[in-house]
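The numbering of the sequence shown is this note's numbering, which starts it at 36 and goes up by one.
Every residue, glycine too, gets a C-beta built ideally from N, C-alpha and C.
For reference, the structure discussed in these notes is given below.
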Amino acid sequence: MITAATAEQQAIVQTIRDFAETEIRPHVMVWDEAQEFPRDVFQKLGELGFLGMIFPEKYGGAELTYGDYAAVIEEISSVDPSVALALAAHTSLGSNHIYQFGTDAQRQKYMPRLTSGQWLAAWGLTEAEAGSDSGGTKTTAVRDGDAWVLNGSKNFITNASVGQVAVLMAVTDRSAGRHGISSFIVEMDNPGIRVGKKENKLGMRASDTCTLVMEDCRVPAGSLLGAEGDGWVNSMKILDGGRISIAALSVGLARGAYEAALRYSKERRQFGRPICEFEAIQFYLAEMATDIDAARLLTQRAAAAKDRGEVVTRLSAQAKLFASDRAVRI
């Protein structure tokens with residue numbers, strides 16, 4: 036069931052809309068051309084409570100619903116998907132993995148820093164030979180006394196060069212296949228981890244995407260996140276929420292493009308009248324608006340199901356598939 040936006044959600048959306056218009060829109064092109072990550076924006080987002088939207092108040096969060104969170108991601112993405120992408124990776128991947136599967140001590144240590152904007156989180160599963168086949172992870176973690184030693188690399192990691200902590204997946208038991216993969220919390224000032232290649236992307240260039248390299252990266256035994264061998268299973272659960280994030284981001288990206296096209300169609304004149312009065316243009320605009328609404332409904336359906344505690348693997352995948360496809364078309 037999808038319900039109408041509450042007065043609280045409308046107020047939240049209006050707050051982030053005003054913020055995006057004043058703090059983000061004037062700088063979008065500069066950030067994109069310079070591939071500059073807007074650190075000050077994330078500090079302000081943290082102060083406003085938008086870095087801990089889906090987490091409990093006792094950890095500094097705002098205890099909003101996933102529906103609220105998706106609406107915020109859409110709103111930011113309609114202005115700058117780079118900011119939305121970095122926020123989504125921080126919230127639904129890195130921070131959420133620690134919150135969902137961390138011990139109380141791990142939550143107490145990391146969550147207040149992550150929800151306040153003091154720290155940003157990255158999340159690393161993808162590797163050169165482990166993309167869609169995430170079970171093909173090559174990065175290893177070997178127990179050495181009271182520590183784990185990680186070796187390997189992760190590709191295409193959002194927030195890699197700007198985050199202070201990362202959740203990384205590594206093989207702890209090669210003989211167990213996917214069930215031999217475990218998750219670890221790695222602080223980015225660890226001398227055994229470094230940022231490698233920064234990708235020169237075609238779009239969303241203000242959000243950094245980099246390689247992470249671990250070379251004899253020693254972390255305390257207490258850095259194991261969740262039970263040993265549960266890393267792959269837990270990652271799949273985290274990705275269910277991550278797909279809702281990308282669906283919401285795609286809806287916002289499509290909406291921003293549609294709104295720009297609509298404005299232009301009202302300004303551009305041919306044969307003595309705005310081109311929006313020509314039926315051919317109206318057909319395009321109508322299809323865009325319909326696709327955006329359909330994508331948003333799929334996204335809201337998945338978010339509502341997640342808020343009810345349901346397994347959303349199929350719903351989140353459908354929302355991401357449709358919304359991202361329509362964003363590219365629009």
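{"Asked": "Beta-ladder partner(s) of residue 217, from DSSP", "Found": "205"}
{"Asked": "Among 143, 146, 293, 206, nearest to residue 172 - alpha-carbon criterion", "Found": "206"}
{"Asked": "Helix, strand or coil at residue 199 according to DSSP, with G and I counted as helix", "Found": "coil"}
{"Asked": "Within 8 Å, strictly: CB atoms of residue 362 and residue 288", "Found": "yes"}
{"Asked": "Helix, strand or coil at residue 100 [DSSP, three-state]", "Found": "coil"}
{"Asked": "Collapsed DSSP secondary structure at residue 367 in the structure displayed", "Found": "Any property of residue 367 remains undetermined from this structure, which presents the chain solely from 36 to 365."}
{"Asked": "Among 131, 61, 154, 58, nearest to residue 91 - alpha-carbon criterion", "Found": "131"}
{"Asked": "Which residues DSSP lists as bridging residue 179, in chain order", "Found": "182"}
{"Asked": "Residue 265 Cβ short of 7 Å to the ligand GTP heavy atom set", "Found": "For the structure depicted, the ligand GTP is absent and the ligand set is empty, with no information on it obtainable."}
{"Asked": "Secondary structure of residue 113, DSSP reduced to three states", "Found": "coil"}
{"Asked": "Beta-bridge pairing of residue 156 - partner residues as DSSP gives them", "Found": "200"}
{"Asked": "For residue 365, the three-state DSSP class (helix, strand or coil)", "Found": "coil"}
{"Asked": "Nonlocal neighbours in the same chain, by C-beta distance under 7 Å from residue 251, ignoring five residues either side", "Found": "184, 186, 227"}
{"Asked": "Cα-Cα separation, residue 142 to residue 116", "Found": "29 Å"}
{"Asked": "N- and C-terminal bounds of the beta strand (DSSP E) containing residue 246", "Found": "244 to 255"}
{"Asked": "At least three beta-carbon pairs within less than 8 Å, the stretch 86 to 101 to the stretch 255 to 271", "Found": "no"}
{"Asked": "First and last residue of the uninterrupted alpha helix (DSSP H) at residue 327", "Found": "314 to 342"}
{"Asked": "Distance CB(residue 218)-CB(residue 202) smaller than 8 Å", "Found": "yes"}
{"Asked": "Close beta carbons around residue 108, own chain, < 8 Å, minus the five adjacent residues each side", "Found": "119, 122, 123, 280, 283, 284, 287"}
{"Asked": "Coarse secondary structure for residue 77, derived from DSSP in three states", "Found": "helix"}
{"Asked": "Separation of residue 354 from residue 229, as counted between CA atoms", "Found": "35 Å"}
{"Asked": "Beta-carbon separation (whole angstroms), residue 182 vs residue 254, contact threshold 8 Å", "Found": "6 Å"}
{"Asked": "Enclosing beta strand (DSSP E) for residue 52 [first to last residue]", "Found": "It is not in any beta strand (DSSP E) - residue 52 instead sits in the alpha helix (DSSP H) that spans 42 to 54."}
{"Asked": "Closest Cα partner of residue 335 within the set 314, 276, 315, 307", "Found": "276"}
{"Asked": "Euclidean distance between Cα positions of residue 128 and residue 317", "Found": "39 Å"}
{"Asked": "CA-to-CA distance, residue 351 to residue 278, given in whole angstroms", "Found": "6 Å"}
{"Asked": "Given 8 Å, three or more beta-carbon pairs between the stretch 96 to 103 and the stretch 42 to 55", "Found": "yes"}
{"Asked": "Three-state secondary structure (DSSP) of residue 138", "Found": "coil"}
{"Asked": "Where the beta strand (DSSP E) containing residue 230 begins and where it ends", "Found": "228 to 233"}
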